[in-house]
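Chemist: Residue numbers (this note's numbering): 181 to 759. Here it is: the structure, laid out below.
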Amino acid sequence: MGTLTRPAIAFVNPSVGFSDRRKSKPIGLAYIMAYLEKSGFPSSGFDFGDSEDDAVELAAHYGLDRFDVVGFSVYNESFRAAIAMAEWIKNRRPECLIVLGGPHATAVHEHILRRYPCVDVVVRREGEEAMLDLVRGLGVGVKADGDVDGDAGDRAGLTGIKGTTWRAPDGAGLLVNEDRDFVPDLDQIPFPDAEFTSHSGYPDLTYYDEVQGRLKAALTICSSRSCPYNCSFCGVLTIGRKYRSREAERVVAELLHFRARHGVNYEHVYFSDANFFVSPTRALEVAEALYEADPQVTFSFGTRVNQILKAAEVLPRLKECGLRFIELGIESASEPVLERLAKHVKPEVNVAAVRLLKRLGIEISLDFIMLDPATTLPDVRANLEFLREAGFYDYVPHDHLYTALVLYEGTPIRDFYARRFGVVFDPDDLPSPFTLFELPEVQRFSDTLRAFRKRWQDRIDDALAQGELALASMADGSDGLGGSDLPRESHARLQLDVVSLRHAPNLFMERLLEDAEAGFPLLDEGGDEGGDEGGLEALLPRLGHDHVHLHGLIERTEAVAREAGFAQAPGAAAPHGRD
Numbered sequence: 181m182g183t184l185t186r187p188a189i190a191f192v193n194p195s196v197g198f199s200d201r202r203k204s205k206p207i208g209l210a211y212i213m214a215y216l217e218k219s220g221f222p223s224s225g226f227d228f229g230d231s232e233d234d235a236v237e238l239a240a241h242y243g244l245d246r247f248d249v250v251g252f253s254v255y256n257e258s259f260r261a262a263i264a265m266a267e268w269i270k271n272r273r274p275e276c277l278i279v280l281g282g283p284h285a286t287a288v289h290e291h292i293l294r295r296y297p298c299v300d301v302v303v304r305r306e307g308e309e310a311m312l313d314l315v316r317g318l319g320v321g322v323k324a325d326g327d328v329d330g331d332a333g334d335r336a337g338l339t340g341i342k343g344t345t346w347r348a349p350d351g352a353g354l355l356v357n358e359d360r361d362f363v364p365d366l367d368q369i370p371f372p373d374a375e376f377t378s379h380s381g382y383p384d385l386t387y388y389d390e391v392q393g394r395l396k397a398a399l400t401i402c403s404s405r406s407c408p409y410n411c412s413f414c415g416v417l418t419i420g421r422k423y424r425s426r427e428a429e430r431v432v433a434e435l436l437h438f439r440a441r442h443g444v445n446y447e448h449v450y451f452s453d454a455n456f457f458v459s460p461t462r463a464l465e466v467a468e469a470l471y472e473a474d475p476q477v478t479f480s481f482g483t484r485v486n487q488i489l490k491a492a493e494v495l496p497r498l499k500e501c502g503l504r505f506i507e508l509g510i511e512s513a514s515e516p517v518l519e520r521l522a523k524h525v526k527p528e529v530n531v532a533a534v535r536l537l538k539r540l541g542i543e544i545s546l547d548f549i550m551l552d553p554a555t556t557l558p559d560v561r562a563n564l565e566f567l568r569e570a571g572f573y574d575y576v577p578h579d580h581l582y583t584a585l586v587l588y589e590g591t592p593i594r595d596f597y598a599r600r601f602g603v604v605f606d607p608d609d610l611p612s613p614f615t616l617f618e619l620p621e622v623q624r625f626s627d628t629l630r631a632f633r634k635r636w637q638d639r640i641d642d643a644l645a646q647g648e649l650a651l652a653s654m655a656d657g658s659d660g661l662g663g664s665d666l667p668r669e670s671h672a673r674l675q676l677d678v679v680s681l682r683h684a685p686n687l688f689m690e691r692l693l694e695d696a697e698a699g700f701p702l703l704d705e706g707g708d709e710g711g712d713e714g715g716l717e718a719l720l721p722r723l724g725h726d727h728v729h730l731h732g733l734i735e736r737t738e739a740v741a742r743e744a745g746f747a748q749a750p751g752a753a754a755p756h757g758r759d
């Protein structure tokens, strides 16, 4: 039968160009790696997702040119880094098979192969089965029945694999093979038990359980794939809308597997499903199975507002089984924006879903899109009124205030705006969402809001974390002073100042909107001090029990926290929840 060899395989998660301390392992690549491993094809994983280093330098440092196959999972943000790495590898090792997959590669597979000679093949949609066919056919591979495939050295024999797009061997065009069926039974795919070489490492994933009053080790689990809805901005549409789910027993088995594998008693599960609540009955089965396995386990998931209302009767039982919060896809409180996003709900549905969850005592994590290219000031007004009336002025982090719609390749909303603007977006580019506003007053509003974020938000976050942790330590007597040495009046003022810091970005945004609606008279007063950034001073809210300047409030909060004996540990988690 000859000598059995297997190709050296690497999978790479390229950089998106910025650092994210909440980085987690790329679960899509982990599934592919585990699937290949089960069939006898081990691989190496490299995760550069949050690296700010040069892509080529990373490829050289980690020796990506020593592999026979290198697969990149690419999004719009990481595409150029992937191509830079691929070109470097191809120049040094022309025989290496370069494979691209993921949402962006699926959306523009033909464009990629026409423009970039360094890419050999694009795997569209799901990658497990197509990648296994590819690596089986390389070198002297192994057939599905275990026999040696003596013809595998001829790559022309690989170009017919379903779900792949190739450059024709004669250079006369592309070979776009028929789509591969989705994996019908997700329970047949091994757990995503794969290790990655990471340039920056992974912080411990945790969840602060306010009910039990303790920090828990957390694990991310994907219990289903896709979503049957068609929100116009969602990249899930690129991969496909065929929803499939795993059995509850397999979800529990995965939790127990990684507890044993890592030696960590994971007690919170972050479900990373695109839409966990497609089937409320099935969601309840998973929750009850987790509870039966370990009543201390809590969990959270993401879903749509209309599904919350349709399955309201299931929510109390989910809470009994450990549901702590729901990541809720509200997106906007403006009806015109919701129509553009193809949410197919009215603003009042958002309000009803929030009221229901608050009544049940289930925490909400906001998915929100504050601005899109066609946003008007009345749209922003609707959003701010919703946030205030729904009780989200105390909500942290404040990221939802600064979000803008991203036009991902392959999504209907990108095509909508291409037609609306009369332009053709370069498939390689992800246009900045902060440069596409149609109305000049919205553009100026956004620019000023971003200037506030750059100048103040980190300072607010730091002071807020110190103040909240100081209050928590005083409450449980762990401040080193028995919880009693700080004068009662100072303690009460600290509580008020912490609330004021939570409200500060919202209040600034309200004042900015009022100024925008009036033609920016206050902002223009600061023009001589450096344009809109100079005018920020006139818009900053006065806060706290004595209406102090924001700078003074931050300094006072930090000083009182120090007086209470608080010293923030590196990486400490604030007690308001999600890490």
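Ideal Cβ positions, reconstructed from N, Cα and C, are used throughout, including at glycine.
Quick check: the Cα distance between LEU723 and PRO370, rounded to an integer number of angstroms?
Modeler: 54 Å
Chemist: With DSSP collapsed to three states, give me the class of PHE259.
Modeler: helix
Chemist: Helix, strand or coil for GLU618? Go by DSSP, reduced to three states.
Modeler: Looking at GLU618 - three-state DSSP - the assignment turns out to be coil, as it is neither helix nor strand.
Chemist: Does the distance from the CB of SER670 to the CB of VAL740 come in under 8 Å?
Modeler: Closer than 8 Å, so yes.
Chemist: If you run the structure through DSSP and keep just helix, strand and coil, what is HIS448?
Modeler: strand
Chemist: Bridge partners of TRP346, per DSSP?
Modeler: According to DSSP, TRP346 shares a beta bridge with VAL301 and LEU355.
Chemist: Taking C-alpha atoms, which residue in LEU238, ARG260 and ILE189 lies nearest to GLY225?
Modeler: ILE189
Chemist: Does any CB atom of chain D fall closer than 8 Å to the CB of PHE605?
Modeler: In the structure shown, chain D does not exist; there is a single protein chain.
Chemist: What is the residue span of the alpha helix (DSSP H) that SER670 lies within?
Modeler: 668-697
Chemist: Only counting the same chain, and skipping five residues up and downstream in sequence, which positions put a Cβ closer than 7 Å to that of LYS270?
Modeler: CYS276, ILE278 and CYS298
Chemist: Could you spell out where the beta strand (DSSP E) holding LEU543 opens and where it closes?
Modeler: It is Glu, not Leu, that sits at residue 543 in the sequence shown. Start and end: 543-548.
Chemist: Return yes when the Cβ of LEU644 is within less than 8 Å of the Cβ of ARG682, no when it is not.
Modeler: Going by beta carbons, ARG682 and LEU644 fall inside the 8 Å limit.
Chemist: Counting Cβ pairs closer than 8 Å, one from the segment 599-618 and one from the segment 541-561, do we hit at least three?
Modeler: yes
Chemist: Are the CB atoms of ASN486 and LEU567 within a distance shorter than 8 Å?
Modeler: no
Chemist: So for GLU237, helix, strand or coil by DSSP?
Modeler: Taken through DSSP and simplified to helix, strand or coil, GLU237 comes out as helix.
Chemist: What are the residues that DSSP puts in a beta bridge with LEU395?
Modeler: TYR388
Chemist: Considering just the uninterrupted stretch of the alpha helix (DSSP H) at ASP595, what are its terminal residues?
Modeler: 592-601
Chemist: What alpha helix (DSSP H) runs, 4 residues minimum, are completely inside the segment 444-512?
Modeler: 460-473, 485-490 and 495-500
Chemist: Under the rule that 16 or more other beta-carbon atoms within 10 Å means buried, what is HIS580, buried or exposed?
Modeler: buried
Chemist: Buried or exposed, going by whether 16 or more other CB atoms sit within 10 Å of the CB of HIS448?
Modeler: buried
Chemist: Could you compute how far the alpha carbon of ASP474 sits from the alpha carbon of ALA428?
Modeler: 14 Å
Chemist: Could you check the C-alpha separation between GLN476 and GLY502 for me, to the nearest Å?
Modeler: 8 Å
Chemist: Which of the three DSSP states, helix, strand or coil, is assigned to ARG424?
Modeler: Judged by DSSP in its simplified three-state form, ARG424 adopts strand.
Chemist: Below 8 Å, can you find three or more Cβ-Cβ pairs linking the segment 433-451 to the segment 410-420?
Modeler: no
Chemist: Quick test of your reading: SER253 and SER195, contact by CB under 8 Å. State the CB separation rounded to the nearest angstrom.
Modeler: Wrong, their Cβ atoms sit about 12 Å apart, outside the cutoff.
Chemist: Looking at the structure shown, is ARG722 part of a helix, part of a strand, or coil, going by DSSP?
Modeler: Collapsing the DSSP output to three states places ARG722 in coil.
Chemist: I'd like to check one pair, GLY229 with LYS203: are the Cβ atoms closer than 8 Å?
Modeler: yes
Chemist: Evaluate the contact criterion for the segment 588-601 versus the segment 534-550: three or more CB pairs, one atom per stretch, below 8 Å.
Modeler: no
Chemist: Skipping 5 residues on each side, what residues in its chain have a beta carbon closer than 6 Å to that of LYS396?
Modeler: TYR387, ASP389, GLU447 and HIS448
Chemist: Taking the Cβ atom as the reference point for each residue, do LEU587 and SER412 lie within a distance shorter than 8 Å?
Modeler: It is not a contact, given that the beta carbons lie outside the stated cut-off.
Chemist: Under a Cβ-count criterion, where at least 16 other Cβ atoms within 10 Å of its own Cβ denotes burial, should VAL560 be classed as buried or exposed?
Modeler: Answer is buried; the Cβ neighbour count reaches 16.
Chemist: In the DSSP assignment, find the unbroken beta strand (DSSP E) run with ALA190 in it and report its ends.
Modeler: 189-193
Chemist: On the DSSP letters alone, give me the boundaries of the alpha helix (DSSP H) that LEU518 sits inside.
Modeler: It spans 515-520 - the alpha helix (DSSP H) in which LEU518 sits, taken as one unbroken run.
Chemist: Just confirm the distance between the C-beta atoms of HIS284 and TYR255, as a whole number of angstroms; I'd bet it's less than 8 Å.
Modeler: Rounded, the Cβ-Cβ distance is 5 Å, consistent with contact.
Chemist: Strictly by DSSP, which residues pair up with ASP227?
Modeler: Bridge partners of ASP227: ASN193 and SER378.
Chemist: Tell me whether PRO297, by its Cβ, gets closer than 7 Å to a heavy atom of the ligand GDP.
Modeler: Only the bare structure without any ligand can be found here, which leaves the ligand GDP out of the picture.
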